[in-house]
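2 protein chains.
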Amino acid sequence: MSDAVSRPTLEAVAARAGVSRATVSRVVNGGDGVREPLVERVRRAVEELGYVPNQAARSLVTRRHDAVAVVIAEPETRIFTDPFFALQLRGISKELTAHDNQLVLLLTEGRDDHARVARYLAGGHVDGALVFSLHLDDPLPGLIEGAGVPTVFGGRPGWSDGTDSAVYVDCDNRGGAEDAVRHLVGLGRTRIAHITGPLDQTSAADRLQGYRDVMGETDPRLVVASDFTPTGGERAMGELLDRCPDVDAVFAANDLTALGALRVLRERGRRVPEDVAVIGFDDVLPVAEQTEPPLTTVRQDIEEMGRLMARLLLSTLARGGPATGAPSSVVLPTTLIRRATA
Amino acid sequence: MSDAVSRPTLEAVAARAGVSRATVSRVVNGGDGVREPLVERVRRAVEELGYVPNQAARSLVTRRHDAVAVVIAEPETRIFTDPFFALQLRGISKELTAHDNQLVLLLTEGRDDHARVARYLAGGHVDGALVFSLHLDDPLPGLIEGAGVPTVFGGRPGWSDGTDSAVYVDCDNRGGAEDAVRHLVGLGRTRIAHITGPLDQTSAADRLQGYRDVMGETDPRLVVASDFTPTGGERAMGELLDRCPDVDAVFAANDLTALGALRVLRERGRRVPEDVAVIGFDDVLPVAEQTEPPLTTVRQDIEEMGRLMARLLLSTLARGGPATGAPSSVVLPTTLIRRATA
DNA sequence: CTGAAAGCGCTAACAT
DNA sequence: ATGTTAGCGCTTTCAG
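Line by line, the protein sequences are chains A and B.
Heads up: the first sequence begins at 1 in UniProt numbering, then just goes up one per residue.
Heads up: the second sequence begins at 1 in UniProt numbering, then just goes up one per residue.
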């Protein structure tokens with residue numbers, strides 16, 4: 001009820017414990033250099049008064065907030081279809097929590113929101129930022145750079161300038177794609193198609209590159225662009241069947257796309273994997289395990305990537321700025337998970 | 001880069017504009033009671049220096065943070081399967097953003113995290129809280145009550161004491177369920193089953209109640225408990241078919257459950273809706289529109305519920321505490337969306 | 001309408 | 001090892 005008024009201050013605790021504010025502060029912040037009996041007395045006073053430090057006052061002097069922003073700049077509705085973000089968020093949340101940091105979520109709905117986000121980051125409300133889903137033409141990285149906030153990106157950023165300086169966590173999209181396609185080749189398939197993701201994202205572009213690495217020059221009609229969604233996958237698969245009725249394998253850019261593709265294949269009476277083998281990417285369990293038949297896919301450890309991003313950022317912050325031997329980007333390996341579709 | 005050091009202060013702006021700190025503060029906070037020429041001068045100084053107010057310093061004196069916590073206490077993995085939370089988050093985010101408030105996300109993974117959340121809320125880091133997914137035996141509401149932070153709940157809380165005081169936003173689960181079942185009855189179905197959600201959540205309990213309202217006394221074997229997940233829906237549908245092979249309609253507690261049920265029905269060779277009609281609940285588009293056949297379901301406006309929760313909380317905060325004519329809970333209507341399964 | 005001054009609650013030198 | 005003191009950057013009376 002009437003709380004704000006009555007919150008005890010350091011002063012109050014000090015009075016109660018019969019010590020100075022400084023001593024209480026020391027105890028509250030770890031208790032180093034304070035003798036045991038005093039520590040004990042202060043602890044009790046804190047307990048009795050239900051003292052909780054005022055974060056604003058603390059931040060004002062330490063210039064730290066123990067909070068990091070998570071910026072999700074997905075203009076489209078993918079966030080709401082793909083468990084990807086939720087998983088990543090969970091990893092981030094776990095890691096931040098373990099280090100007593102708070103997660104400030106910044107969702108952007110479009111260009112208009114970019115300025116707001118930039119302003120917020122520049123405002124020094126948070127110690128750092130974790131940024132997702134950049135597209136090639138995204139103005140956000142520039143704005144963030146300008147804000148001067150330590151940042152780790154989720155997925156390799158695609159813009160050209162200053163690429164080296166950007167720290168990111170990604171999975172080996174290209175290598176994973178190569179594995180997938182090689183597997184298809186090993187199965188004896190010869191008309192192997194690829195349904196891409198949005199090619200203005202590096203993850204999609206890299207997977208396409210992996211496909212090309214293995215396939216070399218192929219019938220260009222075997223590559224059809226899509227957008228990481230089930231509906232997009234359906235449309236693309238439809239086109240594919242129309243253009244190349246003899247297709248005998250499909251590497252879909254992600255599991256959701258594969259889901260759509262499977263649906264169309266079934267509708268059109270193609271047996272999977274007998275007539276057409278299918279491989280996805282991500283291994284988002286609720287999707288991949290539940291398709292019919294269960295999806296063979298390239299697994300990336302999404303939650304771990306989230307955790308890693310947070311860890312990287314926190315370690316950067318701990319070193320006091322990106323200057324001191326900044327940690328570098330991490331690219332995690334992928335694994336091909338064989339289920340029933342290939 | 002080296003930013004924190006160089007961030008200009010009110011003082012700097014004041015100096016540049018040739019006025020006092022107080023005047024700058026007034027202008028920055030709306031400019032009431034400052035004459036136009038001065039306002040203009042100050043604005044320019046702010047612009048030129050790129051001044052951004054220090055939130056910590058401001059909070060220290062105003063005792064406001066312009067931030068609210070969103071607590072998602074979903075012990076299970078539902079968050080990562082069901083677009084429900086993402087949609088709600090989006091609604092909340094939009095509303096908060098519109099009022100210059102920040103969203104602090106608190107994800108809890110289990111009982112251990114409860115204390116942490118309670119401590120955080122009690123710590124006065126945020127002005128209020130939006131809390132989700134309470135189960136009947138959840139200790140969180142009590143802890144939150146204790147923290148003395150204005151709170152709005154997502155979904156009717158189920159615990160018995162002090163229920164009246166809790167403000168929540170929910171949809172008319174019972175009424176929606178009644179509509180669904182009545183529709184099934186109108187279709188001439190007589191063996192209408194219900195696959196429930198987790199009955200320790202009021203949303204699931206209320207939907208079951210709605211089913212009972214219409215069905216009255218029925219074969220108890222027609223009601224089978226589940227958990228809002230596709231896998232749960234599969235299992236439940238399987239049991240149902242074993243126990244009551246003559247079932248001719250199913251009202252599933254949510255769309256994901258319906259998804260699982262549809263899968264099993266297809267596997268077992270039952271035609272939908274000819275042999276068995278199916279209705280879901282939620283109308284989460286990516287799910288409901290994409291089932292085979294498209295799902296008839298009870299729609300609730302999830303994003304709007306999120307927006308409403310935020311609006312309610314903010315208005316409470318604006319009035320300066322829950323005391324002054326606190327806004328009361330809101331229950332939104334539902335609509336039956338007829339697609340192909342019933 | 002504007003300025004001067006007093007803190008908000010805390011940490012971090014600096015003394016002791 | 002503990003206490004004293006000086007702010008962190010801002011808002012808000014209170015004078016003028």
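All residues carry an ideal CB built from backbone N, CA and C; glycine is no exception.
Specify the secondary structure class of residue i as computed by DSSP and reduced to three states.
{"i": "G210 of chain B", "result": "helix"}
{"i": "F132 of chain A", "result": "strand"}
{"i": "S2 of chain A", "result": "Because the pLDDT at S2 of chain A is just 36, under 50, the model does not fix this residue reliably, and the point stays unresolved."}
{"i": "H183 of chain A", "result": "helix"}
{"i": "A249 of chain A", "result": "strand"}
{"i": "T196 of chain A", "result": "coil"}
{"i": "L259 of chain B", "result": "helix"}
{"i": "T335 of chain B", "result": "strand"}
{"i": "T341 of chain B", "result": "coil"}
{"i": "A236 of chain B", "result": "helix"}
{"i": "T23 of chain A", "result": "helix"}
{"i": "V13 of chain B", "result": "helix"}
{"i": "T202 of chain A", "result": "helix"}
{"i": "A69 of chain B", "result": "strand"}
{"i": "residue 347 of chain B", "result": "Residue coverage of chain B in this structure runs from 1 to 342, which leaves residue 347 of chain B outside it and unanswerable."}
{"i": "G216 of chain A", "result": "coil"}
{"i": "G175 of chain B", "result": "helix"}
{"i": "V264 of chain B", "result": "helix"}
{"i": "H125 of chain B", "result": "coil"}
{"i": "V52 of chain A", "result": "coil"}
{"i": "D242 of chain A", "result": "helix"}
Thinking C-alpha only, which one of the options is nearest residue i?
{"i": "V46 of chain B", "options": "B:T291, B:L10, B:S59", "result": "B:L10"}
{"i": "K237 of chain B", "options": "B:G210, B:V284, B:E217, B:R266", "result": "Per the sequence shown, residue 237 of chain B should be read as Met rather than Lys. Per the Cα distances, B:R266."}
{"i": "G188 of chain A", "options": "A:G197, A:A249, A:G232, A:V224", "result": "A:A249"}
{"i": "V276 of chain A", "options": "A:V284, A:E289, A:A258, A:L285", "result": "A:A258"}
{"i": "I302 of chain B", "options": "B:V331, B:E292, B:A122, B:L317", "result": "B:V331"}
{"i": "H65 of chain A", "options": "B:Y168, B:V104, B:I279, B:R311", "result": "B:V104"}
{"i": "L89 of chain B", "options": "B:R268, B:V61, B:M309, B:P230", "result": "B:M309"}
{"i": "D82 of chain A", "options": "A:Q102, A:G146, A:P286", "result": "A:P286"}
{"i": "G210 of chain A", "options": "A:V224, A:R191, A:G186, A:R182", "result": "A:R182"}
{"i": "F228 of chain B", "options": "B:G33, B:R243, B:S203", "result": "B:S203"}
{"i": "V247 of chain B", "options": "B:V223, B:R44, B:A205", "result": "B:V223"}
{"i": "G123 of chain A", "options": "B:R58, B:S20, B:P141", "result": "B:R58"}
{"i": "E292 of chain B", "options": "B:A147, B:L317, B:A318, B:G260", "result": "B:G260"}
{"i": "M305 of chain A", "options": "A:V298, A:L317, A:V28, A:Y168", "result": "A:Y168"}
Looking at the unbroken alpha helix (DSSP H) that takes in residue i, where does it start and where does it end?
{"i": "L143 of chain B", "result": "140-147"}
{"i": "D113 of chain A", "result": "111-122"}
{"i": "Q88 of chain A", "result": "83-98"}
{"i": "D227 of chain B", "result": "Segment: none, D227 of chain B is in no alpha helix (DSSP H) and carries neither H nor E."}
{"i": "A57 of chain B", "result": "55-62"}
{"i": "A45 of chain B", "result": "36-49"}
By the 10 Å Cβ neighbour count, where 16 or more other Cβ atoms means buried, how is residue i classified, buried or exposed?
{"i": "A67 of chain B", "result": "buried"}
{"i": "S133 of chain B", "result": "buried"}
{"i": "A98 of chain B", "result": "exposed"}
{"i": "P340 of chain B", "result": "Looking at the sequence provided, one finds Ala at residue 340 of chain B rather than Pro. With fewer than 16 Cβ atoms within 10 Å of its Cβ, A340 of chain B is classed as exposed."}
{"i": "D242 of chain A", "result": "exposed"}
{"i": "P230 of chain B", "result": "buried"}
{"i": "P37 of chain B", "result": "exposed"}
{"i": "D283 of chain B", "result": "buried"}
{"i": "D3 of chain A", "result": "Low per-residue confidence applies at D3 of chain A: pLDDT is 43, beneath 50, and the placement is therefore not dependable enough to give any value."}
{"i": "P141 of chain B", "result": "buried"}
{"i": "E274 of chain B", "result": "exposed"}
{"i": "D200 of chain A", "result": "exposed"}
{"i": "E48 of chain A", "result": "exposed"}
Just checking residue i against the ligand FMN - is the residue's beta carbon closer than 7 Å to any of the ligand's heavy atoms?
{"i": "D200 of chain A", "result": "The ligand FMN is not part of the structure shown, which contains no ligands of any sort."}
Provide the residue span of the beta strand (DSSP E) that contains residue i, from first to last.
{"i": "V152 of chain A", "result": "151-154"}
Which runs of the alpha helix (DSSP H) at least 4 residues long sit entirely within the stretch 268-335 of chain B? Give them in chain order.
The qualifying runs are 285-288, 302-318.
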